[in-house]
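**Student:** The sequence shown maps to residues 1 to 168 in the UniProt record's numbering.
Starting off with a structure, shown below.
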Amino acid sequence: MIYPSITDWISAISAMFSAFISGGVLWVAWYQIKQVKLQLKNLAEGQKNSTLMTVLELESEMNRRKENLDRCNFDLRQYGIDINSSEKQLSEDTLELFQDKIKVARENYLNALDRLSYCIIHNYLSDRDWKTEYRDILFDAVDNYSECFGVSSRFWNTKKLYEKWKNE
């Protein structure tokens with residue numbers, strides 16, 4: 001019978017120790033991968049929430065600007081009603097002021113819509129997800145304010161998205 005030598009024992013113990021260390025390294029690697037996966041999941045959730053907050057903020061700003069535009073239009077209509085029901089004379093200065101207010105309010109609203117269009121065109125927001133939400137708003141704006149979307153329009157993102165959605 002052959003007995004193992006000291007070097008055989010040392011080799012066997014070294015191999016067992018190496019296997020134990022390798023097992024520990026594998027466990028640490030598995031644990032780290034698990035942690036990275038969890039962090040990526042949390043990061044994706046945070047990104048999703050951030051995108052939603054951005055959309056809600058853009059939508060809120062757009063609604064605020066649309067309300068301001070509507071208020072200016074209502075004020076002008078109320079002025080016309082007041083003129084018709086009283087002995088007041090139509091004031092050209094007041095009409096010019098209303099026109100300026102409406103022009104500024106319309107431009108602010110269209111700027112907010114253009115910003116949203118930019119985000120959709122450049123894939124900051126998913127076209128597929130937001131098309132159903134904003135298609136009618138975008139089409140109404142372009143159709144109602146067509147004079148603002150000519151060749152030299154500053155709202156080219158809105159115009160580009162309008163053309164894209166119109167052709168789909």
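Note that the Cβ used here is the ideal one computed from N, Cα and C, for glycine as well.
Can you list, in chain order, the residues of its chain whose CB lies under 6 Å from that of residue 223, leaving out five sequence neighbours each side?
**Tutor:** Since the first residue of the chain shown is 1 and the last is 168, residue 223 is not available in this structure.
**Student:** Helix, strand or coil for Glu168 per DSSP?
**Tutor:** Coil, per DSSP.
**Student:** Determine the extent of the alpha helix (DSSP H) in which Glu67 is found, giving its start and end residues.
**Tutor:** Counting along the chain, the alpha helix (DSSP H) containing Glu67 begins and ends at 6–85.
**Student:** For the putative contact between Leu90 and Ile83, defined by C-beta atoms under 8 Å, what is the C-beta separation to the nearest angstrom?
**Tutor:** Going by Cβ atoms, the distance from Leu90 to Ile83 rounds to 6 Å, so yes, they are a contact pair.
**Student:** Which of helix, strand or coil does DSSP assign to Leu125?
**Tutor:** Leu125: coil per DSSP, three-state reduction.
**Student:** Would you grab the beta carbon distance between Asn157 and Asp114 for me? Rounded to a whole angstrom, and I think it's under 8 Å.
**Tutor:** At roughly 5 Å, the Cβ-Cβ gap stays under 8 Å, so Asn157 and Asp114 are in contact.
**Student:** Applying the criterion that 16 or more other CB atoms from any shown protein chain within 10 Å of the CB defines a buried residue, is Ile33 buried or exposed?
**Tutor:** Per the 10 Å Cβ criterion, exposed.
**Student:** Exposed or buried, what is Ile6 when buried is set at 16 or more other beta-carbons lying within 10 Å of its beta-carbon?
**Tutor:** Ile6 comes out exposed.
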